[in-house]
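A short write-up of the structure that comes next.
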Amino acid sequence: MKKRIYAVLAALFILAALSGCGSGGEVIDYDLVFVNDSDATIVEVVVDFVDQNSGMRNADSSPLKRGETFGFEAGEYPVTVLVYDTAVGRIAEGELARIVIQQAPPEGERWYVTAKDGTHGIVLTADTKWPEGA
25 MKKRIYAVLA ALFILAALSG CGSGGEVIDY DLVFVNDSDA TIVEVVVDFV
75 DQNSGMRNAD SSPLKRGETF GFEAGEYPVT VLVYDTAVGR IAEGELARIV
125 IQQAPPEGER WYVTAKDGTH GIVLTADTKW PEGA
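For the sequence shown, this note's numbering begins at 25 and goes up steadily by one.
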């Protein structure tokens, strides 16, 4: 019985991690937060720090909806944040945009990387404040 409970808890933890940090208000627990304020088809978000990298997508690989977010633990800066419109197995394809952030945010703050609709696709911006309208 204990093994089954641990298996269910592990599955729920993995599902929660793959589905991001939810939508809505400000995210508290992450050092870098990706915010989708775009109607573009964004399937995967990858952060590539000097010392580590990670990627997030919805558990079913469905596109992010406007207002959805993913949170990441920071590594050593600079960091490149990339967004993709396709995820095939373990590999992301179809890069939509990227942004490079050269340094860590000020002490006690985090980066909010926001995807916005632009005239030639999506544009990524970085700020230490939650994006207006998102």
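Ideal Cβ placement from N, Cα and C applies to all residues, glycine included.
Burial state of R122 is exposed, judged by a 10 Å Cβ sphere holding fewer than 16 other Cβ atoms.
At a Cβ-Cβ threshold of 8 Å, V105 and F58 count as neighbours. With contacts defined as CB atoms closer than 8 Å, R90 and N60 qualify as a contacting pair. Taking 3 residues as the shortest admissible run, the region 48 to 81 contains the following complete beta strand (DSSP E) segments, listed from N- to C-terminal end: 56 to 61, 68 to 73, 77 to 81.
Judged by DSSP in its simplified three-state form, Y136 adopts strand. For Y101, the CB contacts under 8 Å within the same chain, skipping 5 residues up- and downstream, are F73, V74, I125, Q126, Q127, A128 in chain order. Distance from the CA of H144 to the CA of A64, rounded to the nearest whole angstrom, comes to 11 Å. Non-local beta-carbon contacts of D141 in its own chain, meaning distances under 7 Å to residues more than five positions away in sequence, involve S62, D63, A64 in chain order. Nearest to V107 by C-alpha distance, out of G99, V147, T152, R134, is V147. Taking 8 Å as the upper bound for CB-CB distance, A98 and D53 are not in contact here, some 12 Å apart. Judged by their CB atoms, P87 and V67 are nearer to each other than the 8 Å cut-off. Judged by DSSP in its simplified three-state form, Y108 adopts strand.
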